[in-house]
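2 protein chains.
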Amino acid sequence: MARTIGADGRKTAQRILDQSLPLIAKLGYSAVSMRMIAGAVGVNVGALYNHFPNKQQILVRLMTDHMNALLAGWHEIETDGLSPAQRIEQFVRFHIAFNIPRSEDVFISFMELRSLEPENHKMIEGLRSQYENIVASIIRDGSDAGQFNVADTHVATMSVLGSLVGVNTWYRETGRLSKSKIQDYYVEMTFRALGYSTERDANV
Amino acid sequence: MARTIGADGRKTAQRILDQSLPLIAKLGYSAVSMRMIAGAVGVNVGALYNHFPNKQQILVRLMTDHMNALLAGWHEIETDGLSPAQRIEQFVRFHIAFNIPRSEDVFISFMELRSLEPENHKMIEGLRSQYENIVASIIRDGSDAGQFNVADTHVATMSVLGSLVGVNTWYRETGRLSKSKIQDYYVEMTFRALGYSTERDANV
DNA sequence: GTCTATATGGAGATAGAC
DNA sequence: GTCTATCTCCATATAGAC
Chain A
43 MARTIGADGR KTAQRILDQS LPLIAKLGYS AVSMRMIAGA VGVNVGALYN
93 HFPNKQQILV RLMTDHMNAL LAGWHEIETD GLSPAQRIEQ FVRFHIAFNI
143 PRSEDVFISF MELRSLEPEN HKMIEGLRSQ YENIVASIIR DGSDAGQFNV
193 ADTHVATMSV LGSLVGVNTW YRETGRLSKS KIQDYYVEMT FRALGYSTER
243 DANV
Chain B
43 MARTIGADGR KTAQRILDQS LPLIAKLGYS AVSMRMIAGA VGVNVGALYN
93 HFPNKQQILV RLMTDHMNAL LAGWHEIETD GLSPAQRIEQ FVRFHIAFNI
143 PRSEDVFISF MELRSLEPEN HKMIEGLRSQ YENIVASIIR DGSDAGQFNV
193 ADTHVATMSV LGSLVGVNTW YRETGRLSKS KIQDYYVEMT FRALGYSTER
243 DANV
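Protein sequence lines, in the order shown, are assigned to chains A and B. Note that this note's numbering numbers the first sequence so that position 182 is 224, with each residue one more than the last. Note that this note's numbering numbers the second sequence so that position 150 is 192, with each residue one more than the last.
In structure tokens, the structure reads:
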């Protein structure tokens, strides 16, 4: 079956999103013009407006798609019957595995919040806080069960998430450490930060 | 002594920086125009160019001033003769105390790296890595001395810094927790993450 | 040092032919 | 659905009067 000349397997709307992502991650939303996006996609500016009503909606789609995929990714993981310590370990491994190959999405979802109009901002903030709540409730459960020992659930949640979010700022594919080693180290440091003590393993 | 009408105690260049800071923090460098800055300062656009050769140099000054103040602030602290654990405690307290009242500078210095032209980017990166090295060398000293127990110095450095940097994203002046309580919690979690064990205090 | 006025270019968005 | 052409506005930066 011959392909129509000039057609791409994916739909144009998705190609627009795919091309916008690295541009916005690199230059910032304000610095990227509709002309640049059109050029990267290989269409003229006017064509973009057949797929998105305006520039803002491209950004909104990038951010919602990312946040929804993040939440859906976590919910695919089976955590029934796991202890809080096992759940936080799953979470740390999931977060690192999911975000490392998506550094541009992660960057945009954090940096470009300020470029959103108020109602869009509110919507994305809602998705973000759902993600925070995953961690908060694991920590709360662990504290209630006496498995964790933290002075303040909220501070502990923010500290754990902050250290994880930072991974994306320094991880390099070609770096010294494999993804799974990094996961191991972060699991251990998270356990320690939460006051979860087990002598399972002495060489860490 | 009467003040000249329309004059401000500070020099105009500094007023330009002071007004640019919140604008860029809120809207982003690309989204802030020279007209907006001029409006906030209370002069006409052309006047800005008597103090800065172009827009980029305003950003460069904001970022270098902040990074230099950060490094200078740390070096004012007397750490001679302190153990690695005491030094990391000083660092955690310093970082939180210094950055909380400067959330806009912190935000810009991280977010607007990509808005810098290559040579400026390199210069700011140099200042940033000096700051990272402070933490890295404390952790290395602590590991060498057997006071800390970390699997990987670099990962530990990035995790500690990541969790600290995150404080600025959630701290609110009017929040539930005082600055000194937050410092206490982070000191404790950092000690734990670094494997520094002391039973000085059981109620944390 | 600040002003007014302007040069020059690029932005987002739309209309209408194909 | 994509194109060309264009509207309107605002960007950075400069020139020259005061």
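Where is the CB? At the ideal position from N, CA and C, for every residue including glycine. None of these values were measured; they are calculated from a predicted model.
How would you label residue i, buried or exposed, when you count the other beta carbons within 10 angstroms and need 16 or more for buried?
{"i": "residue 134(A)", "result": "buried"}
{"i": "residue 128(B)", "result": "exposed"}
{"i": "residue 119(A)", "result": "exposed"}
{"i": "residue 70(A)", "result": "buried"}
{"i": "residue 75(A)", "result": "exposed"}
{"i": "residue 61(A)", "result": "buried"}
{"i": "residue 122(B)", "result": "exposed"}
{"i": "residue 226(B)", "result": "buried"}
{"i": "residue 222(A)", "result": "exposed"}
{"i": "residue 157(B)", "result": "buried"}
{"i": "residue 151(A)", "result": "buried"}
{"i": "residue 228(A)", "result": "buried"}
{"i": "residue 59(B)", "result": "buried"}
{"i": "residue 230(B)", "result": "buried"}
{"i": "residue 87(A)", "result": "exposed"}
{"i": "residue 154(A)", "result": "buried"}
{"i": "residue 232(A)", "result": "buried"}
{"i": "residue 244(B)", "result": "For residue 244(B), the predicted model reports a pLDDT of 42, less than 50, meaning its position is unreliable and no value from the coordinates is stated."}
{"i": "residue 126(B)", "result": "buried"}
{"i": "residue 137(B)", "result": "buried"}
{"i": "residue 43(A)", "result": "At residue 43(A) the pLDDT is 44, less than 50, meaning the model places this residue with poor confidence; the figure from the coordinates comes in the next sentence. Residue 43(A) should be labelled exposed."}
{"i": "residue 47(B)", "result": "Annotation note: pLDDT 46 at residue 47(B) (below 50); position unreliable, coordinate value reported separately. Result: exposed."}
{"i": "residue 45(A)", "result": "Summary for residue 45(A): the model assigns pLDDT 43, below 50, so the residue's position carries little reliability, and this model does not support an answer."}
For the alpha helix (DSSP H) containing residue i, name the first residue and the last one.
{"i": "residue 64(A)", "result": "54-69"}
{"i": "residue 18(B)", "result": "No information on residue 18(B) is available, as it lies outside the stretch 43 to 246 that chain B covers here."}
{"i": "residue 126(B)", "result": "126-141"}
{"i": "residue 198(B)", "result": "195-207"}
{"i": "residue 178(B)", "result": "160-186"}
{"i": "residue 227(A)", "result": "221-235"}
{"i": "residue 74(B)", "result": "Premise fails: residue 74(B) is in no alpha helix (DSSP H) and is neither H nor E."}
{"i": "residue 152(A)", "result": "145-153"}
Please list, in chain order, the chain A residues whose beta carbon lies closer than 8 angstroms to that of residue i.
{"i": "residue 230(B)", "result": "193"}
{"i": "residue 208(B)", "result": "200, 201, 203, 204, 205, 207, 208"}
I want to verify the contact list: residues of chain A whose CB lies under 7 angstroms from the CB of residue i, in sequence order.
{"i": "residue 205(B)", "result": "201, 204, 205"}
{"i": "residue 224(B)", "result": "197"}
For a contact meaning CB atoms closer than 7 angstroms, what does residue i contact in chain B?
{"i": "residue 237(A)", "result": "234"}
{"i": "residue 68(A)", "result": "156"}
{"i": "residue 153(A)", "result": "153"}
{"i": "residue 72(A)", "result": "70, 72, 73"}
{"i": "residue 212(A)", "result": "200"}
Output, in chain order, the set of chain A residues within a Cβ distance shorter than 9 angstroms of residue i.
{"i": "residue 227(B)", "result": "192, 193, 194, 197, 198, 201"}
Assuming residue i contacts residue j (C-beta within less than 8 angstroms), just tell me the rounded distance between them.
{"i": "residue 115(A)", "j": "residue 190(A)", "result": "Incorrect: roughly 24 angstroms between the Cβ atoms, too far for contact."}
{"i": "residue 140(B)", "j": "residue 113(B)", "result": "Incorrect: roughly 10 angstroms between the Cβ atoms, too far for contact."}
{"i": "residue 109(B)", "j": "residue 66(B)", "result": "15 angstroms between Cβ atoms; not a contact."}
{"i": "residue 180(B)", "j": "residue 130(B)", "result": "5 angstroms"}
{"i": "residue 199(B)", "j": "residue 174(B)", "result": "6 angstroms"}
{"i": "residue 201(B)", "j": "residue 235(B)", "result": "6 angstroms"}
{"i": "residue 197(A)", "j": "residue 224(B)", "result": "7 angstroms"}
{"i": "residue 159(A)", "j": "residue 99(A)", "result": "At roughly 10 angstroms, the Cβ-Cβ gap does not stay under 8 angstroms, so residue 159(A) and residue 99(A) are not in contact."}
{"i": "residue 82(A)", "j": "residue 72(B)", "result": "Incorrect: roughly 18 angstroms between the Cβ atoms, too far for contact."}
Counting only Cβ pairs nearer than 9 angstroms, list the residues of chain B close to residue i.
{"i": "residue 219(A)", "result": "194, 196, 197"}
Segment contact flag, the stretch 54-61 of chain B with the stretch 89-96 of chain B, C-beta cutoff 8 angstroms, min 3 pairs: Counting C-beta pairs with one atom in each stretch, the stretch 54-61 of chain B and the stretch 89-96 of chain B have three or more that are closer than 8 angstroms, which means they touch.
Three CB pairs or more closer than 8 angstroms across the stretch 178-189 of chain B and the stretch 204-213 of chain A: The stretch 178-189 of chain B and the stretch 204-213 of chain A do not touch, with fewer than 3 CB-CB distances between them shorter than 8 angstroms.
Three or more C-beta pairs below 8 angstroms linking the stretch 141-149 of chain B and the stretch 96-112 of chain B: yes
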